[in-house]
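Colleague: Here it is, the structure, as structure tokens.
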Amino acid sequence: MSAFARLRYRFVRDALLPAALAFKGGRRKSRPPDPLFGPPLKSTADLRRIMARHYALARHAKGAMPVAWVTSGAPVELLRAFGFYTVYPENHSALCGARKLGPEISAEAEARGYSQDLCSYARVDLGHAFSGRTPVGSLPAPDLLFCTNNICQTVLYWFKALSREHGIPLILLDTPYLHGGRDETPAFAYVEGQLRGAVTDLERFARKDFDEKRFLQVLESSRRASQLWGGVLETLRRRPAPMTIFDAFVHLMPIVSLRGLPVCERYYEGLLAELRDRVERGVAAVPGERHRLLWDNIAIWFALGPLARLFAEHGAVPVVATYTHAWAETAHQMDLQDPFGALARTYGGIFLNRDLAHRRAFLETLAREYAVDGAVLHSARSCKPYSIGQYDLKQSLMDVPGIPSVVLEADMTDHRVWSEAQARTRLEAFFEALEGQTIRNSSGPVNA
Amino acid sequence: MDLYAGVDVGSLTAKAVILGEDGSRLGESLVRTSPDFAESARRALGEALSSAGSPGAEPRATVGTGYGRASVPGAARSVTEITCHARGAAELVEGVRLVVDVGGQDSKAIRVGPGGRVEDFAMNDKCAAGTGRFLSAMAETLHTGIEGLGPAGLRSRRDVVLSSTCTVFAESEVISLLAGGEKADDVAHAVHLAMARRLAGLVRLVGAQEPAAFTGGGALNGDLVRCLESVLGLAFTVPEKPQLAGALGAALIARESGPR
Amino acid sequence: MSTPSRRVYALEQKSRGRKVAAVFPARYPAELLWAREVCPVEVWDPPAGGQAAQAHLQANVCSVVQRGLSLWLSGGTEVADFLLFSHTCDSLQNLSTLVPHLLGEKRPCLFFYPPKGRRDDLAERYLVDHLAGLSERLDEAAGRAGEGALERAVAWGEARGRALNDLYDARAAGGLAASNEDFYASVRACEYLWPEEAVQRLEAFRRERSGPSPPGVPLVFSGVLPQPAGLLARLDGLGVRIVEDDFLACGRRFVRGALPPAGEVLSTVARRLLALPPCSTAGSPVSDRLDFLARLAGRSSARGVVFLSLKFCEPELFDVPALAEGLRSRGVPCLVLEVEMGGEVPAQTLTRIEAFLETLP
């Protein structure tokens, strides 16, 4: 790390960027209103600024502070205590997917022998590592990798490959899968032991002592941000929903990548206030809301726009998702009296690290709480832990709470495996079925 | 003069090349394969011998290659088409370092060392896309015929994007594009570009290098070759009669190793 | 020496008063089952059982899971008293919960999670605790282990490990007169034979086949299993001699060389699990696996390494590119083959193997 780099970073952060972003923000053209959708969220402009700032700052972080690449389910709070600049390659891959660059960048990894059958997030990221190609200008190369396999084992294989490619250390938190309601103590004790061990490793790596006070502050901030995010999602229980899950996928980025930082809390305070205001005024995200839906699995990043449109045309509004809920569901477990134990339970206990009985119960609860009429199960080719079992969960939702579902075979970032025609057909048939159901169910005015 | 024969029995066509003991190229043939590989091999060999002016002669050594290589009657040995294409291309293109071969059922990229030795290879033989089969399907959908596909693409003036990599998806995408008003020439070019990208993936697995040769039936498609050149930034030489490269390689090996 | 099918063998074990557990791959503490007179019968590549699994699994799930589920759906595991699932990868993880929690399996479904990416004290402590918990569940499912039974089972495990080491050493040194087919028939019997029988069989095989190995091109093979089923015979026909392997079901199943120090019995079991060869499913660093493969190639004078990548097998597919690149840069020729489970070997696969042989100096 160099003092010059640190000075430059601060200059960019405190002087250059605020000016540049204010200027850029003012130049955005306003689009004509679209009758299918309610007015766009004002917070989205803030979100864009925050993410632009994050990636712009990232370019100057290298050398100014240690840079860590982190998995979405990792306890980043530890890294924040040491002042790491954090990059989330899953987030970056999602962005590449949204810009339709998934296959192109993935081809760089495929050229090195990585099979197309592997997770597309990993392929895009490895493709970036091998070629430097990215739509965000440049990403700072990591000094350290921080990986937790609670979301899947693929991140471990992927980060291992990154570690080898960059020649840098990998800190792994191995979170044993929680199966069948057995005693979870050995698993959580193991995770806690690893967390403490990680602190020692980080002290050695960053060459400074663990700042416990800062750590507790970060934990508190994280907990608050998660609660705020939970509040944001809860506003979608209202009819009409002030925001859709397609929007939520986009507004998810700060809680994933900036959790524990003040900017994250501030952002969600703003978004929550805006949504509550909409609820009070009865402002709908989709004025023609007729069918409320649950979305399972990660977003189809390269088709969010067309999908949002197709859904809205049929008055179908996704109002709850397992994916977005992941960053709210364990917030209450952050206990500052026992921070390491709390982190172990919070991160070791996320729903993706638990069995399908738990998943089914989670789906049933969400379906009930959000009063949904149907479910869309995105079977993401890349994501086996999230996708295997969906065919039977579809069946189980038919039984309890008795709602129809449609399975969409797609992927997060690789649009080569997506047939828009096929997806459209399935969804339209599904919406027709829902419509038929609604007409049958309604007595009197059609229920929205 | 002693004759040496190489017979390449593919799934669609069988080819044979006859060499003299001085290495001169005396005769060749290309016939359609029947499900009986041995019969196809015999027919190809017979026609090649006739074209060499020695009908009914018995070559001193014969090497069989291709999918049906085990069924070539009279062959002293069988050698894979990878080795034979490399050897053949090395003979046709001086100092060749990379061979891309697009056949009916498969496509391959071969990194070639001195003397036409295979250093590394990558194949696409499980999926129709990236093979002659893909081009045939597209030629039919575009109503150009397989011979007209290349010229159509070369006439293209407009960039159209074909994003599907699966043959089935691509066919329906092509139909949509045509229905949407795109010209067949432009869609043909898009098809070639998509296929070139796929082939480029194979090439990158073995390493792109010049001099590079393009062999097999796919090499007759001038637009496909041009697209591959532009995607990789490499110049490709298409030897005369590119489908015969495998049989030539086999004949050269027959001459080098002699009867066994 | 022919071996009965797994089902027939399992029935025979039951008639002897033992219990049977259907075990899904890969690593698991067999000693804990043996100590309770439970014969583990591993489910790796049962015969293809129709398309029933398609209703429950996406198409891009590997054959180990597809066939395993097919077997279960068709009642093929009925002879087992309980099921044990090992957490080897994401697909097997979801299979382990799909079967009991969504598909209604009523028999006990036990679950084993070996540590990933670490072999240190923390991993050992966790593993010991986990094994203690698993032992309690096994007590419920199969009854308690008798006095000294676990120590005896540990000794059987050692004996089996020694027998495997001897066999592999003999083959690597060129002193085993056995075809590829016969070798793997013998080794793969460990997937279901009662340990004492497995040891007898392995030792007998070693004795009977003592002598120079058949001629052929010596190669190291790496992957999950020797599949497709017809491959070994074809390799014998092509004159390829597998001289060492890193198959998950075979060469990665036993501790190579000296065992770690013993301690309290569950610690011993834990340490042996942690001392198994480097493995993609265990999160071992690529460099460890690379060193291991290079050592295997060196000690067996192999002329190259062939990777049999089972289609859709993520842990292996992530490791293979770096392994192949690493070996090639050390001057070891490599061939990477994508294979699927089945009987016949596709012509394309044979062509690639032959072409590879043709490239070897």
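Chains as they are written, first to last, in our numbering: chain A, 28 to 475; chain B, 280 to 539; chain C, 11 to 371. Glycine included, every Cβ here is placed at the ideal spot set by N, Cα and C. Every value quoted in this text rests on a predicted model; they were computed, and no experiment measured them.
(1) Strictly by DSSP, which residues pair up with A/ILE198?
(2) Three-state secondary structure (DSSP) at C/ALA188?
(3) What residues in its chain sit with their C-beta under 6 Å from that of A/HIS385, if we drop five residues either side in the sequence?
(4) In the DSSP assignment, the beta strand (DSSP E) including C/ARG251 goes from what residue to what residue?
(5) Who are the Cβ neighbours of A/GLY471 in its own chain at under 7 Å, not counting the five residues just before and after it?
(6) Compare the Cα-Cα distances from A/GLY164 to each of A/LEU84, A/LEU299, A/SER147 and A/TYR112 and report the closest residue.
(7) Indicate whether B/VAL482 and B/LEU371 have their beta-carbon atoms separated by less than 8 Å.
(8) So A/PHE276 is in the alpha helix (DSSP H); what residue range does that whole segment cover?
(9) Taking the C-alpha atoms as reference points, what is the distance between B/SER313 and B/ALA323?
(10) Once the 5 residues before and after A/GLN417 are set aside, which same chain residues still bring their CB inside 8 Å of it?
(11) Measuring alpha carbon to alpha carbon, tell me which of B/VAL510, B/SER308, B/ALA533 and B/PHE515 ends up nearest B/LEU499.
(12) Expressed to the nearest angstrom, what Euclidean distance is found between the alpha-carbon atoms of A/ARG80 and A/ILE272?
(13) By Cβ distance, which residues of its chain are closer than 7 Å to A/LEU246, with the 5 residues on each side in sequence left out?
(14) Is the stretch 85-95 of chain C touching the stretch 107-122 of chain C in the sense that three or more CB pairs, one from each, lie closer than 8 Å?
(15) Counting contacts by CB-CB distance shorter than 8 Å, is B/VAL378 in contact with chain A?
(16) Can you have a look at C/SER220 and say buried or exposed, based on whether 16 or more other CB atoms are within 10 angstroms of its CB?
(17) Put C/GLY171 into one of helix, strand or coil per three-state DSSP.
(18) Could you check where the alpha helix (DSSP H) with A/GLU261 kicks off and where it finishes?
(19) Along chain B, in chain order, which residues have C-beta atoms closer than 9 Å to that of A/ARG408?
(20) Assuming contact is defined by CB atoms lying nearer than 8 Å, are B/ALA331 and B/GLY302 in contact in what I supplied?
(21) Contact criterion: CB-CB distance below 8 Å. Does C/MET11 meet it with respect to chain A?
(22) List the endpoints of the continuous beta strand (DSSP E) containing A/HIS405.
(23) Should C/ARG299 and C/ASP329 be called a contact, given that it needs their Cβ atoms to be closer than 8 Å?
(24) So, using beta-carbon positions, are C/PRO270 and C/ALA285 closer together than 8 Å?
(25) Determine, for C/ARG362, whether the minimum Cβ-Cβ distance to residues of chain B falls below 8 Å.
(26) For the alpha helix (DSSP H) containing A/TYR112, name the first residue and the last one.
(27) Assess contact between the stretch 127-135 of chain A and the stretch 202-212 of chain A, defined as three or more Cβ pairs (one per stretch) separated by less than 8 Å. Is contact present?
(28) Which residue from A/ARG395, A/GLU219 and A/GLY194 puts its Cα closest to that of C/ARG135?
(29) Which stretch, first to last residue, makes up the beta strand (DSSP E) that contains A/TRP96?
(30) Got a sec? Which residues, its chain only, sit under 7 Å from A/ARG453 by beta carbon, not counting five neighbours each side?
(31) Here's the rule I'm using: 16 or more other beta-carbon atoms within 10 Å means buried, otherwise exposed. How should A/LYS235 be labelled?
(32) Between A/GLY429 and C/ALA334, is the Cβ-Cβ spacing less than 8 Å?
(33) Locate the beta strand (DSSP E) running through B/ILE389, then write down its first and last residues.
(34) Which bits of chain C does B/PHE316 rub up against, with CB to CB less than 7 Å?
(35) Between B/ARG434, B/ALA533 and B/ASP287, which lies nearest to B/PHE316 when the distance is taken from Cα to Cα?
(36) Contact criterion: CB-CB distance below 8 Å. Does B/THR444 meet it with respect to chain A?
Modeller: So, from the listed chains and residues:
(1) Locating residue 198 of chain A in the first sequence gives position 171, where the first residue counts as 1. A/PHE173.
(2) Your numbering for residue 188 of chain C matches position 178 in the third sequence. Of the three classes helix, strand and coil, the one that applies to C/ALA188 here is coil, per DSSP.
(3) Here residue 385 of chain A corresponds to residue number 358 of the first sequence, with the count starting at 1. Contacts found: none.
(4) Counting from one through the third sequence, the residue named residue 251 of chain C turns up at place 241. Segment 250-257, the beta strand (DSSP E) holding C/ARG251.
(5) Taking the first sequence and counting its residues from 1, one reaches residue 471 of chain A at position 444. Because A/GLY471 sits at a pLDDT of 44, beneath the cut-off of 50, its placement in the model cannot be relied upon, and the point is left open.
(6) To locate residue 164 of chain A, count along the first sequence from 1; it is residue 137. Looking only at A/LEU84, A/LEU299, A/SER147 and A/TYR112, the smallest Cα-Cα distance to A/GLY164 is reached by A/LEU84.
(7) Taking the second sequence and counting its residues from 1, one reaches residue 482 of chain B at position 203. Taking the second sequence and counting its residues from 1, one reaches residue 371 of chain B at position 92. Not a contact, by the Cβ cut-off of 8 Å.
(8) As a first step, residue 276 of chain A must be located in the first sequence, where it is residue number 249. Counting along the chain, the alpha helix (DSSP H) containing A/PHE276 begins and ends at 272-278.
(9) Within the second sequence, numbered from 1, the residue matching residue 313 of chain B stands at position 34. Within the second sequence, numbered from 1, the residue matching residue 323 of chain B stands at position 44. Between the alpha carbons of B/SER313 and B/ALA323 lies a distance of about 11 Å.
(10) Numbered from 1 along the first sequence, position 390 holds the residue referred to as residue 417 of chain A. So the qualifying residues of the chain are ASP323, ASN324, LEU404, SER406 and VAL434.
(11) Against the second sequence, residue 499 of chain B aligns to sequence position 220. Ranked by Cα distance from B/LEU499, the first of B/VAL510, B/SER308, B/ALA533 and B/PHE515 is B/PHE515.
(12) Counting from one through the first sequence, the residue named residue 80 of chain A turns up at place 53. Counting from one through the first sequence, the residue named residue 272 of chain A turns up at place 245. Rounded to whole angstroms, A/ARG80 to A/ILE272 spans 24 Å at the Cα level.
(13) Position 219 of the first sequence, counted from the start, is the residue given in the question as residue 246 of chain A. For A/LEU246, same chain residues with a beta-carbon under 7 Å away, outside a window of 5 residues either side, are GLU104, MET361, LEU363 and PRO366 in chain order.
(14) The answer is yes - the stretch 85-95 of chain C touches the stretch 107-122 of chain C, with three or more Cβ pairs under 8 Å.
(15) Counting from one through the second sequence, the residue named residue 378 of chain B turns up at place 99. Not an interface residue.
(16) To locate residue 220 of chain C, count along the third sequence from 1; it is residue 210. The Cβ neighbour count for C/SER220, taken over all protein chains shown within 10 Å, is under 16; the residue is labelled exposed.
(17) Position 161 of the third sequence, counted from the first residue, corresponds to residue 171 of chain C. In this structure, C/GLY171 counts as helix in the three-state DSSP scheme.
(18) For the purposes of this step, residue 261 of chain A is identified with residue 234 of the first sequence, where counting begins at 1. That run of the alpha helix (DSSP H) goes 239-261.
(19) To locate residue 408 of chain A, count along the first sequence from 1; it is residue 381. In chain order: nothing, as chain B lies at least about 13 Å away.
(20) Along the second sequence, one-based indexing puts residue 331 of chain B at 52. Along the second sequence, one-based indexing puts residue 302 of chain B at 23. No, Cβ-Cβ distance for B/ALA331 and B/GLY302 is not below 8 Å.
(21) Taking the first residue of the third sequence as position 1, residue 11 of chain C is located at position 1. In this predicted model, C/MET11 has a pLDDT of only 39, less than 50, meaning its place in the structure is not dependable; the value taken from the coordinates is given anyway. So no, C/MET11 is outside the interface.
(22) Sequence index remark: in the first sequence, residue 405 of chain A carries index 378 (1-based). Annotation: the continuous beta strand (DSSP E) that includes A/HIS405 extends over 401-407.
(23) Position 289 of the third sequence, counting from 1, holds the residue named residue 299 of chain C. Position 319 of the third sequence, counting from 1, holds the residue named residue 329 of chain C. Cβ distance < 8 Å, so C/ARG299 and C/ASP329 count as in contact.
(24) Walking along the third sequence from the start, residue 270 of chain C turns up at place 260. Walking along the third sequence from the start, residue 285 of chain C turns up at place 275. In this structure, C/ALA285 lies closer than 8 Å to C/PRO270 by Cβ.
(25) Indexing the third sequence from 1 puts residue 362 of chain C at position 352. Judged by the 8 Å Cβ criterion, C/ARG362 is in contact with chain B.
(26) In the first sequence, counting from the first residue as 1, residue 112 of chain A sits at position 85. Secondary structure note for A/TYR112: it is in no alpha helix (DSSP H), and the uninterrupted beta strand (DSSP E) holding it is 112-114.
(27) Flag = no, the stretch 127-135 of chain A and the stretch 202-212 of chain A do not touch.
(28) Counting from 1 along the third sequence, the entry for residue 135 of chain C is found at position 125. For C/ARG135, the nearest C-alpha among the options comes from A/GLU219.
(29) Here residue 96 of chain A is taken as the residue at index 69 of the first sequence, counted from 1. Residues 94-97.
(30) Within the first sequence, residue 453 of chain A is the residue found at index 426, counting from 1. Here the set comprises VAL433 and LEU435.
(31) Here residue 235 of chain A refers to the residue found at position 208 when the first sequence is read from its first residue. A/LYS235 comes out exposed.
(32) In the first sequence, counting from the first residue as 1, residue 429 of chain A sits at position 402. In the third sequence, counting from the first residue as 1, residue 334 of chain C sits at position 324. Not a contact, by the Cβ cut-off of 8 Å.
(33) Start at 1 with the first residue of the second sequence, and residue 389 of chain B comes out as number 110. For B/ILE389, the uninterrupted beta strand (DSSP E) run begins and ends at 386-391, by DSSP.
(34) Your numbering for residue 316 of chain B matches position 37 in the second sequence. Correct list: empty, because the minimum Cβ distance to chain C is about 12 Å.
(35) Taking the second sequence and counting its residues from 1, one reaches residue 316 of chain B at position 37. Among B/ARG434, B/ALA533 and B/ASP287, the Cα nearest to that of B/PHE316 is on B/ASP287.
(36) Position 165 of the second sequence, counted from the start, is the residue given in the question as residue 444 of chain B. Yes - at least one Cβ of chain A is within 8 Å of the one on B/THR444.
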